[in-house]
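Encoded as structure tokens, the structure appears first; notes follow it.
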Amino acid sequence: MNTVVVYDIVSNRRRVRFHKFLKELGIRSQKSVFECRLDAREVRQIRLYCCEHLNLTEDAVRIYRVCAGCMDKAIIQGQGLTFSRLDWEVI
483 MNTVVVYDIV
493 SNRRRVRFHK
503 FLKELGIRSQ
513 KSVFECRLDA
523 REVRQIRLYC
533 CEHLNLTEDA
543 VRIYRVCAGC
553 MDKAIIQGQG
563 LTFSRLDWEV
573 I
């Protein structure tokens, strides 16, 4: 499923580590935004990572499922990649 992960993490160290974790699952479309194609197991991985490694009293992570039709209708101005613009897929 198309998924957008948005985060606001206070600590630089936690933010860098979370960024590295998300790089394995998707592409960074903005500074604190990743676009991913995730199955239910991968969403659980993100949620577990948040519980184990983030300070949820001061950090925030939002995970949005986005239908393919909505992704295709996204209006993008400026820089950045999205999955809809990639012409390859890693298997």
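Here the numbering used here = 1-based position in the sequence shown + 482.
For every residue, glycine included, the Cβ atom is placed at its ideal position computed from N, Cα and C.
Could you tell me the boundaries of the alpha helix (DSSP H) in which residue i lies?
{"i": "D554", "result": "A550 to D554"}
{"i": "I528", "result": "A522 to H535"}
Count the other CB atoms, across all protein chains shown, that sit within 10 Å of the CB of residue i; report buried if there are 16 or more and exposed otherwise.
{"i": "L538", "result": "exposed"}
{"i": "C532", "result": "buried"}
{"i": "A522", "result": "exposed"}
{"i": "N484", "result": "buried"}
{"i": "G551", "result": "exposed"}
{"i": "E517", "result": "buried"}
{"i": "V486", "result": "buried"}
{"i": "S511", "result": "buried"}
At which residues does the beta strand (DSSP E) containing residue i begin and terminate?
{"i": "N484", "result": "N484 to D490"}
Looking only at DSSP bridge pairs, what is residue i linked to?
{"i": "A542", "result": "D490"}
Between the beta-carbon of residue i and the beta-carbon of residue j, is there less than 7 Å?
{"i": "V488", "j": "V525", "result": "no"}
{"i": "I491", "j": "D541", "result": "yes"}
{"i": "L536", "j": "R496", "result": "yes"}
Would you verify that the beta carbon of residue i is, or is not, closer than 7 Å to some beta carbon of chain D?
{"i": "Q559", "result": "This model lacks chain D altogether, as it is built from one protein chain only."}
Using three-state DSSP, classify residue i as helix, strand or coil.
{"i": "E506", "result": "coil"}
{"i": "Q512", "result": "strand"}
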